[in-house]
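K.L.:
In the UniProt record's numbering, the protein residues as written are 1 to 142.
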């Protein structure tokens, strides 16, 4: 009987803590002209194994969409084809890309948009001899 009371008390504490955590929300951001303009700064770019990436708008700043620029070295890709529930766009700025979508591929050049529907298997790799530079626009399902 004592064990049952102990387990009940612990369960109530855990439930209470989960309720408190669920009610906590992100502090509202005071959006200003200064923090809403983001000029590319190579010193703030994140180095990756295949190049680098730069977040113009990440999920900690935006309401629901993110914007990232990726630079990938020739013959490489940021990761293998994958799936996720969010839709995603790639926009090729410079270079040649091999776009993979649900088992098919297409080589494309600059000024091309590539749409990845929700839950589709997709990926992108550098098909050229120079760096591939592209934007990633993604809806964040928080």
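Glycine is no exception: its CB is placed at the ideal position from the N, C-alpha and C atoms.
How is residue 22 classed by DSSP in three states: helix, strand or coil?
P.N.:
Because the pLDDT of residue 22 is 46, which lies under 50, any placement of that residue in the model is unreliable, and the number read from its coordinates should be weighed accordingly. Here residue 22 sits in helix by DSSP.
K.L.:
Do the region 64-74 and the region 114-121 meet, that is, are 3 or more Cβ pairs less than 8 Å apart?
P.N.:
Segments in contact, no.
K.L.:
Quick one: grab the DSSP three-state call for residue 141.
P.N.:
Residue 141 falls in the coil class under three-state DSSP.
K.L.:
Given a cut-off of 8 Å on the beta-carbon distance, is the pair residue 70 and residue 57 in contact?
P.N.:
No, Cβ-Cβ distance for residue 70 and residue 57 is not below 8 Å.
K.L.:
Whole alpha helix (DSSP H) runs in the region 62-142 with 4 or more residues, listed along the chain?
P.N.:
Runs found: none.
K.L.:
Out of 75, 81 and 36, point me to the one whose CA is closest to residue 132's CA.
P.N.:
The shortest C-alpha separation from residue 132 is found at 75.
K.L.:
Going by C-alpha distance, which of 111, 110, 83 and 93 is nearest residue 100?
P.N.:
Nearest option by C-alpha distance: 83.
K.L.:
Please confirm whether residue 109 and residue 137 have their CB atoms less than 8 Å apart.
P.N.:
For residue 109 and residue 137, no; Cβs fall outside 8 Å.
K.L.:
Quick check: the Cα distance between residue 33 and residue 88, rounded to an integer number of angstroms?
P.N.:
Rounded to the nearest angstrom, the two C-alpha atoms are 27 Å apart.
K.L.:
Candidates 111, 94 and 114: which alpha carbon is nearest residue 129's?
P.N.:
Nearest of 111, 94 and 114 to residue 129, Cα basis: 94.
K.L.:
Short of 6 Å in beta carbon distance, which residues of its chain neighbour residue 124, apart from the five on each side in sequence? Order them along the chain.
P.N.:
Same-chain partners within the cutoff: 90, 97 and 99.
K.L.:
With residue 73 and residue 111 assumed to form a contact (beta carbons below 8 Å), what rounded beta-carbon distance in angstroms separates them?
P.N.:
Residue 73 to residue 111, Cβ: 21 Å. No contact.
K.L.:
Which residues bound the beta strand (DSSP E) around residue 59?
P.N.:
First-last for residue 59: undefined, no H or E at that position.
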